[in-house]
Amino acid sequence: MDYIDPHIHMVSRTTDDYETLARMGCVAMSEPAFWAGFDRGSVESFRDYFRQLTEFEPKRAAQFGIRHFTWLCINAKEAENVSLSREVIAMIPMFLSAKNVLGIGEIGLNKNTKNESTIFLEHLELAVQYDQQILIHTPHLEDKFQGTRMILDMLMGDSRINRSRVLVDHVEEHTIEAVLENGFWAGMTLYPVTKCTPQRAADMIEKYGPERLMANSAGDWGPSKPTAIPDLIMELKRRGHSRELIRRVVYDNPRQFFSQSKNFDLAALPG
Amino acid sequence: MSIDPNAVKRTAEKVLAEEFLSARSKILDLAATLDRLERASGSVENAAQMQLLSQGLKILCDDEFDKARRVQLLMSRQYDPDWQKTYGLH
Ligand SMILES: [Zn+2]
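Given below as structure tokens:
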């Protein structure tokens, strides 16, 4: 079955992974800017990273017939450094016209600090100013519930934010409801140990239905599984769910969400 | 065909039959983890993480449902609706 992975960090994966994903049905992906596993030294490192995301990765993906899209920001972890964050935010507009950029992301919180919140709000300002879609990272483990509520407070406190153009990622059982009932899109991340299994994701689809709900692998440099979406497809099939329901979650929904971005060419991914 | 996930409702018997072995194996993993803690030197009886695990196990055994969400909330830091004031962001 054709599918789209709306959140995967291909800069950390090999070309062999691209090939495996293509064989498993991945036709498109979106790669939010994130933490490299170590703090970068200066704004110039981000400039190179954004060039990698907008120039190099789309070419690497294209070799396997995969469309590569991206989102730009300074991640929540490095946002603790406010002055560096402001330099990065000031540089982002020059990359927004790159053909594969869908918006600002993955912005969010990590340890739910004041500095992270300040930079989150400045990213929102950037997104509003340039009419960009937003992709959001919610924190891990014990910080997730608190951080997700804080993020929703900031989003809903700004009447200029169009909720149907915002994807809140890494939702789990205790955060999904608030995200969906307030009109945002929600992404479930299938990630070993710290996030959600394909079985629990299938449970949430059964409980909340497929409206505004997506799944992603968030494959990156840590222990993660870039082929996690095919695992979810298998689990839903095993439970007897229809092809239409599965396709809605893993293909139609990301396509519909992306299509609200000016750089997304709907015809490139057949409906 | 329908995109309604409730169009296909597995019976409780079917879910149990399909999931019994995996649930059994997870209970054994937990049991062996507790045994391992018991065999190790020192004591963690009063450690905060140990308290969380034992409260989590109680949620599994009580009469209420929505267990996954309740375990998640148990393992979560509290949310303060006035956080923006505390941070001076308002
Ligand atoms: Zn990510």
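Chains B and P are the protein sequences, given in the same order. Under my numbering, think of the first position of the first sequence as 972, with each following residue one higher. Under my numbering, think of the first position of the second sequence as 50, with each following residue one higher. Ideal placement from N, C-alpha and C gives every residue a C-beta, glycine not left out.
Query, Result
"Check whether Ile1217 of chain B and Ile1204 of chain B have beta carbons under 7 Å apart", "yes"
"His1141 of chain B beta carbon less than 7 Å from that of Lys1178 of chain B", "no"
"Own chain partners of Gly1154 of chain B with C-beta closer than 6 Å, once the 5 adjacent residues on each side are dropped", "Arg1134"
"Near-chain P residues of the stretch 1149-1177 of chain B - C-beta to any C-beta below 8 Å", "Arg1171, Asp1174, Ile1176 and Glu1177"
"Unbroken alpha helix (DSSP H) run spanning Trp132 of chain P, endpoints", "Trp132 to Thr135"
"Phe1005 of chain B Cβ short of 6 Å to ligand 1 heavy atom set", "yes"
"Beta carbon proximity, Glu1144 of chain B to chain P, threshold 7 Å", "yes"
"Best match in B:Leu1112, B:Pro1169, B:Val1072 and B:Glu1152 for proximity to Asn1083 of chain B [C-alpha to C-alpha]", "B:Leu1112"
"Straight-line Cα distance separating Asp78 of chain P from Ala1239 of chain B", "47 Å"
"Glu1143 of chain B Cβ short of 6 Å to ligand 1 heavy atom set", "no"
"Those runs of the alpha helix (DSSP H) which lie wholly inside the stretch 1023-1070 of chain B and span at least 4 residues", "1028-1033 and 1053-1062"
"Partner residues on chain P for Gly1211 of chain B, Cβ-Cβ distance less than 8 Å", "Val57 and Arg59"
"For Ile1176 of chain B, three-class secondary structure by DSSP", "helix"
"Partners in chain B for Leu122 of chain P, counting only beta-carbon separations shorter than 8 Å", "Phe1116 and His1145"
"Touching by the beta-carbon criterion (3+ pairs, under 8 Å), the stretch 1117-1126 of chain B and the stretch 127-138 of chain P", "yes"
"Below-7 Å beta-carbon distance, Arg1057 of chain B vs any chain P residue", "no"
"Sequence-distant residues of the same chain with beta carbon closer than 6 Å to Ala1157 of chain B, five excluded per side", "Val1139, Val1142, Ile1147, Val1150, Leu1151 and Leu1184"
"Run of the beta strand (DSSP E) containing Thr1168 of chain B, from where it starts to where it stops", "No beta strand (DSSP E) holds Thr1168 of chain B; DSSP gives it neither H nor E."
"Three-way DSSP call (helix, strand, coil) for Tyr974 of chain B in this model", "strand"
"Under 7 Å from the C-beta of Ser142 of chain P: neighbouring residues of chain B", "This structure cannot speak to residue 142 of chain P, because chain P is shown only from 50 to 139."
"Cβ-heavy atom distance, Glu1077 of chain B to ligand 1, below 6 Å", "yes"
"Whole-number beta carbon distance between Gly1074 of chain B and Ile1107 of chain B, since they are thought to touch under 8 Å", "Their Cβ separation, rounded to whole angstroms, is 11 Å, which puts Ile1107 of chain B and Gly1074 of chain B out of contact at 8 Å."
"Residue range of the unbroken beta strand (DSSP E) whose run includes Gly1158 of chain B", "Trp1156 to Thr1160"
"For Phe1035 of chain B and Ala993 of chain B, believed in contact at Cβ under 8 Å, the rounded distance", "4 Å"
"Three or more C-beta pairs below 8 Å linking the stretch 1062-1073 of chain B and the stretch 1223-1234 of chain B", "yes"
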